[in-house]
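Take the sequence shown: its position 32, counted from the start at 1, is 317 in our numbering, and no numbers get skipped. The beta carbon of each residue, even a glycine, is placed where N, CA and C say it ideally should be. The structure displayed is predicted, hence computed values, not measured ones.
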Amino acid sequence: MPEPRQGWLRHWDTFIGPGATSQEHFLILQGAVFGLLTVIAVEVLNENLDWTIWQFLLACVLAADIFGGVAANATSAAKRWYHRRGQGKQQHLQFAAIHIVQIALVAAFFMNNDWSWALVVYGYLMLSALAISLAPLYLQRPIALLALVGGILTNIYLLPGAPGLEWFVPVLYLKLLVAHLLRETPYPPPATT
Numbered sequence: 286m287p288e289p290r291q292g293w294l295r296h297w298d299t300f301i302g303p304g305a306t307s308q309e310h311f312l313i314l315q316g317a318v319f320g321l322l323t324v325i326a327v328e329v330l331n332e333n334l335d336w337t338i339w340q341f342l343l344a345c346v347l348a349a350d351i352f353g354g355v356a357a358n359a360t361s362a363a364k365r366w367y368h369r370r371g372q373g374k375q376q377h378l379q380f381a382a383i384h385i386v387q388i389a390l391v392a393a394f395f396m397n398n399d400w401s402w403a404l405v406v407y408g409y410l411m412l413s414a415l416a417i418s419l420a421p422l423y424l425q426r427p428i429a430l431l432a433l434v435g436g437i438l439t440n441i442y443l444l445p446g447a448p449g450l451e452w453f454v455p456v457l458y459l460k461l462l463v464a465h466l467l468r469e470t471p472y473p474p475p476a477t478t
């Protein structure tokens, strides 16, 4: 496994995984840009949002983080890094757990402090992450995908999210339950001649 680079690039490498190819970096950037464009499109197309500039900027940051995170967590570099020796169930659950910050920001700034919504979204995330982590490796993918489907249906029919942020829960669950938690073979890029 490649070692993290020195200097300030070390922080980036330990975040997305050292040895990421230029194509992987490009996809992460494209994911973040896609998230930003999603927020801009939602704001432009939805006349009823009435977001403040601060809500708009926060939505942009959340979207860049979460959409970019879907791509970042699915790369071979991330798979090598986050599933290396010494990284186990506890570390994966901690990674999911820190995303309470994003959930709390949505509840506080877009849902009028709806902490019951935040508790259900976070509780579902952590119970799903625990179920995936405790399952045998060969069952983790189907469990993760079923958990994602359950989360999407809950988000649509039982606990709708904030107007303009309907994407938030499904994409967050995709990032964490499918892209991050699942152990996969980190395929190397093809050799160049």
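- Taking only the alpha-carbon atoms, compute the straight-line gap between L314 and P471 and give it to the nearest angstrom. What you label residue 314 is simply residue 29 of the sequence shown in a count that begins at 1. What you label residue 471 is simply residue 186 of the sequence shown in a count that begins at 1. Approximately 20 angstroms between the Cα atoms of the pair.
- Message: Quick check on DSSP: helix, strand or coil for M411?
- Response: On the sequence shown, position 126 is the one that residue 411 refers to. Here M411 sits in helix by DSSP.
- Item | A357 - containing alpha helix (DSSP H), residue span | The residue you call residue 357 lines up with position 72 of the sequence shown. First-last of the alpha helix (DSSP H) with A357: 338-359.
- Message: Mapping the DSSP letters down to three states, classify E469 as helix, strand or coil.
- Response: On the sequence shown, residue 469 is found 184 positions in, with the first residue counted as 1. Residue state, collapsed to three classes: coil.
- Message: Just to check my reading of the structure: A414 and A381 have Cβ atoms closer than 8 angstroms, yes? What is that Cβ distance to the nearest angstrom?
- Response: The residue you call residue 414 lines up with position 129 of the sequence shown. The residue you call residue 381 lines up with position 96 of the sequence shown. That pair is a contact at about 4 angstroms.
- Message: Please classify R468 as buried or exposed, where buried requires at least 16 neighbouring CB atoms within 10 angstroms.
- Response: Working through the sequence shown from its first residue, we reach residue 468 at position 183. The residue is exposed, with fewer than 16 neighbouring Cβ atoms inside 10 Å.
- Message: In whole angstroms, give me the CA-to-CA distance for P445 and W339.
- Response: The sequence position of residue 445 within the sequence shown is 160, counting from 1. The sequence position of residue 339 within the sequence shown is 54, counting from 1. In a straight line, the C-alpha of P445 is about 22 angstroms away from that of W339.
- Message: Excluding the 5 residues flanking E309 on each side, which residues of the same chain have their C-beta closer than 6 angstroms to its C-beta?
- Response: On the sequence shown, residue 309 is found 24 positions in, with the first residue counted as 1. T360, A362, listed in sequence order.
- Backbone CA spacing between L294 and G304 [nearest angstrom]: Working through the sequence shown from its first residue, we reach residue 294 at position 9. Working through the sequence shown from its first residue, we reach residue 304 at position 19. When rounded, the distance between both Cα atoms is 11 angstroms.
- Task: Output the residue ranges of the alpha helix (DSSP H) runs that lie fully inside the segment 385-436 and measure 4 residues or longer, sorted by chain position.
- Result: 385-395, 400-419
- Evaluate the contact criterion for the segment 447-467 versus the segment 403-412: three or more CB pairs, one atom per stretch, below 8 angstroms. yes
- Message: My assumption, with CB atoms under 8 angstroms, is that A429 sits in contact with L466. Please give the rounded CB distance.
- Response: Position 144 of the sequence shown holds residue 429. Position 181 of the sequence shown holds residue 466. About 6 angstroms; that satisfies the 8 angstroms criterion.
- Item | 6 angstroms Cβ shell around L462 - same chain, five flanking residues per side excluded | As a working note, residue 462 is residue 177 in the sequence shown. So the qualifying residues of the chain are S413, A429, A432, L433.
- Task: Decide if G371 is buried, meaning its Cβ has at least 16 other Cβ atoms within 10 Å, or exposed.
- Result: The residue you call residue 371 lines up with position 86 of the sequence shown. Counting Cβ neighbours within 10 Å, G371 comes out exposed, since fewer than 16 surround it.
- If you draw a straight line from the C-alpha of G373 to the C-alpha of V318, how long is it? Position 88 of the sequence shown, counted from the start, is the residue given in the question as residue 373. Position 33 of the sequence shown, counted from the start, is the residue given in the question as residue 318. One C-alpha to the other measures close to 31 angstroms.
- Message: Could you give the first and the last residue of the continuous alpha helix (DSSP H) run that contains Y442?
- Response: Within the sequence shown, residue 442 is the residue found at index 157, counting from 1. Careful: Y442 lies outside any alpha helix (DSSP H) and carries neither H nor E.
- Reference Q387, options G354, Q376, Y367, closest by Cα: Your numbering for residue 387 matches position 102 in the sequence shown. Q387 has its Cα closest to that of G354, out of G354, Q376, Y367.
- Message: Once the 5 residues before and after D399 are set aside, which same chain residues still bring their CB inside 8 angstroms of it?
- Response: By 1-based counting over the sequence shown, the position of residue 399 is 114. These residues qualify, in order along the chain: A392.
- At what residues does the alpha helix (DSSP H) containing D298 begin and finish? Walking along the sequence shown from the start, residue 298 turns up at place 13. Run containing D298: 294-301, per the alpha helix (DSSP H) assignment.
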